[in-house]
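Have a look at the structure below before the remarks.
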Amino acid sequence: MNQTRSYRHPALSSTADARTRRIRRKVLVCLLLVMLVCSLLYVDIIFGTVLYSFDDLWRVISGEWIPGISFALGELRIPRSLTALACGATFGLAGSCFQHLLRNPLASPDIIGITAGANTAAVFGIVVLGLSGPELSTLAIVGGLATALVVSGLTWKGGLSLGRLILIGIALGAMLDALSSWMLVHADQWDIQSASRWLTGSLAGAQWSDVALSMYALLIGGAAMIALSRRLNVLRLGDDLAASLGIQVGMSQIAIIIVAVSMLSVATAAVGPIAFVSFLSGPIARRLSGHGDSALAESALVGASLVLASDIVAQHLVSEQLPVGVVTSVIGGPVLVILMTLAARKGNLE
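In the numbering used here, the protein residues as written are 31 to 380.
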């Protein structure tokens with residue numbers, strides 16, 4: 031009886047094995063990052079001037095009213111920590127998308143002026159209109175989206191030019207930053223303090239409305255980015271190659287920008303522009319995952335970890351609580367130097 035042996039070309043076998051290793055590493059990295067995020071979330075909630083037990087946390091989550099504890103955990107600590115998680119993940123995811131779209135692993139969404147637009151709108155709301163809370167967040171979202179719309183409109187000439195997008199974004203961002211500075215110079219002392227706290231990036235005063243806003247942005251934007259992830263991966267190879275593979279380059283770029291800008295604007299409106307999170311999450315995630323795809327899930331988890339860890343440090347490092355943006359700036363500077371040093375040694379920015 032004749033038996034037919036299956037034969038696999040060595041190159042195909044090697045490719046399949048490499049793909050299997052990449053998938054296993056991706057799953058392992060994601061699981062470890064999920065465990066890290068959960069651990070940081072737990073520590074961020076229970077640690078403070080009063081240390082609460084897991085039993086206290088569970089009873090509050092279950093809906094039991096415990097005098098003093100229910101307010102401290104249910105209205106102060108849990109909303110703050112969940113907002114940190116959601117906004118950190120949103121910053122990380124949006125930042126990674128921009129880096130892939132611009133084909134620069136060390137790019138930042140700030141480069142096209144989105145954060146400057148949200149900042150200027152927020153400063154205007156605080157200094158001129160006297161807004162706070164949901165009204166201020168709404169105005170910041172509108173400012174970020176309007177800036178992105180203006181930049182995209184000025185850039186569009188029969189298609190989206192990434193070079194023009196960056197140049198116009200930098201120019202418009204500089205103008206908006208100057209306008210924000212002018213308003214702060216002419217503001218009273220109380221408004222300056224409020225605006226400075228918002229511009230630094232702070233989780234103080236986070237409420238359940240901020241949790242809902244940032245969670246909606248993360249879930250809806252994350253689902254949209256997953257749907258666009260194949261196009262994002264192909265666009266990294268260049269516009270010409272993407273078009274030859276059947277990708278509508280212009281429409282895909284616009285869709286990715288709309289989703290990323292919307293996510294970033296909402297997160298910025300909730301907590302302010304927390305420095306370096308969008309910038310660093312993608313490079314760290316890609317180094318952990320060790321492969322060339324967009325690493326969206328890893329970027330979101332790294333972003334959440336960065337903000338949660340920074341919030342823990344901001345609350346307990348010194349006697350007076352610091353804005354979380356101060357801590358991310360202190361951490362982000364050295365990490366940036368390390369990334370640039372590694373990139374210089376390899377002769378590229380990957």
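Heads up, the beta-carbon is just placed ideally off N, CA and C, and yes, glycines get one too.
All of these numbers come straight from a predicted model, not from anything done at the bench.
So, residue i versus residue j, is the Cβ gap smaller than 8 Å?
i: L338; j: L115; result: yes
i: S359; j: F309; result: no
i: T168; j: G355; result: no
i: S232; j: P109; result: no
i: G143; j: V181; result: yes
i: C463; j: S244; result: Because the chain in this structure spans residues 31 to 380, residue 463 falls outside the shown range and cannot be described.
i: P313; j: L369; result: yes
i: I342; j: F77; result: yes
For residue i, name the three-state secondary structure that DSSP assigns.
i: N149; result: helix
i: M31; result: Its pLDDT being 47, under 50, M31 is placed unreliably by the model, and nothing is read from it.
i: G362; result: helix
i: D218; result: coil
i: E380; result: Note that E380 scores 48 on pLDDT, short of 50, meaning its location in the model is unreliable; the coordinates nonetheless yield the value given after this. If DSSP states are grouped into helix, strand and coil, E380 belongs with coil.
i: N134; result: coil
i: V80; result: coil
i: F154; result: helix
i: E94; result: coil
i: I141; result: helix
i: T371; result: helix
i: G235; result: coil
i: G104; result: helix
i: S224; result: helix
Kindly indicate which residue of the options has the alpha-carbon position closest to the one of residue i.
i: L70; options: L106, M245, L112, R54; result: L112
i: T298; options: K56, C127, G173; result: G173
i: L336; options: V158, V365, V348; result: V365
i: G251; options: C127, M65, C68, F101; result: C127
i: A152; options: A236, D221, R266, A102; result: D221
i: A290; options: A272, L249, E105, A315; result: L249
i: G276; options: I99, I284, G320, V264; result: V264
Can you tell me where the alpha helix (DSSP H) with residue i in it begins and where it stops?
i: A344; result: 326–346
i: E165; result: 163–185
i: R110; result: 108–131
i: T298; result: 279–301
i: L249; result: 238–265
i: L352; result: Unbroken run through L352: none, as it is neither H nor E.
i: A273; result: 269–274
i: P313; result: 307–319
Is residue i near the ligand NAP, going by C-beta to nearest heavy atom under 7 Å?
i: Q219; result: With respect to the ligand NAP, the structure shown offers nothing to examine, as it has no ligands at all.
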